[in-house]
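S.K.:
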Amino acid sequence: MRKANIIASLGFVIFCIIVIVFTHNTFPAGRQGVPGPGIFPILVSVVMVLAGLVIILHYIRNKENTPIAWLEEGAIRAYIAIGIMTVYVILAPIIGFFITTTVFLVLTIKWFSKKSWIYTSAVSLSIVAFIYVAFSIILRVPLQFGLLF
Numbered sequence: 223m224r225k226a227n228i229i230a231s232l233g234f235v236i237f238c239i240i241v242i243v244f245t246h247n248t249f250p251a252g253r254q255g256v257p258g259p260g261i262f263p264i265l266v267s268v269v270m271v272l273a274g275l276v277i278i279l280h281y282i283r284n285k286e287n288t289p290i291a292w293l294e295e296g297a298i299r300a301y302i303a304i305g306i307m308t309v310y311v312i313l314a315p316i317i318g319f320f321i322t323t324t325v326f327l328v329l330t331i332k333w334f335s336k337k338s339w340i341y342t343s344a345v346s347l348s349i350v351a352f353i354y355v356a357f358s359i360i361l362r363v364p365l366q367f368g369l370l371f
């Protein structure tokens, strides 16, 4: 597993370097002290490069080769969460932002926290309302609406 982690981390580092180069050549970093659209992807990529390098150094120094438990309870929960996210990404443009995001948040909060349905519904609706106000009203960024909302 040690070699696989090193190779995967190296792949992420290379991918992030490509993103940095592409973003630097495509989007302006900013004008007159105001950050432009190129700043955020570069910052995220730099952090990911550093994280990848830390993982590579960790596994170069650590000579143990520990196997992965693919079917333990935590791994299965993660697989189901990835499935829920995949369904969300597919359905969001079709059904609409509000319905799919609310259902997605209710399911994931309920799945990971075991809180009551009332709590998860209230938190989910609050988050969706905050996103709507922040992006649609304050920043005037149009949200993608589907068939319903």
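Sequence positions in the sequence shown follow my numbering and run 223 to 371.
Ideal Cβ placement from N, Cα and C applies to all residues, glycine included.
1. Would you decide whether residue 375 is buried or exposed? Buried here means 16 or more other CB atoms lie within 10 Å of its CB.
2. Which whole-angstrom value is the C-beta distance of residue 342 and residue 331, which I expect to be below 8 Å?
3. Look at the Cβ atom of residue 252, then the Cβ atom of residue 317, and state whether they are nearer than 8 Å.
4. On the CB-based measure, 16 or more other CB atoms within 10 Å of its CB, does residue 242 come out buried or exposed?
5. Counting C-beta neighbours from all protein chains within 10 Å, is the total for residue 281 16 or more, i.e. buried, or is it exposed?
6. Let's test the definition: count the other Cβ atoms within 10 Å of the Cβ of residue 308 and tell me whether it reaches 16, buried, or not, exposed.
7. From the DSSP output, which residues share a beta bridge with residue 252?
8. Identify whether residue 272 lies in helix, strand or coil by the three-state DSSP scheme.
9. State buried or exposed for residue 248, treating a residue as buried only when at least 16 other CB atoms are found within 10 Å of its CB.
M.R.: Per the coordinate set shown:
1. Lying outside 223 to 371, the shown extent of the chain, residue 375 is not represented and no answer is given.
2. About 4 Å separates the two Cβ atoms, so the contact holds.
3. Judged by beta-carbon spacing, residue 317 lies beyond the 8 Å limit of residue 252, meaning their Cβ atoms are not closer than that value.
4. Buried.
5. So residue 281 counts as buried.
6. Around the C-beta of residue 308, fewer than 16 other C-beta atoms lie within 10 Å, and the residue is accordingly described as exposed.
7. As DSSP reads the structure, residue 252 sits in a beta bridge with 257.
8. Correct three-state label for residue 272: helix.
9. Residue 248 comes out exposed.
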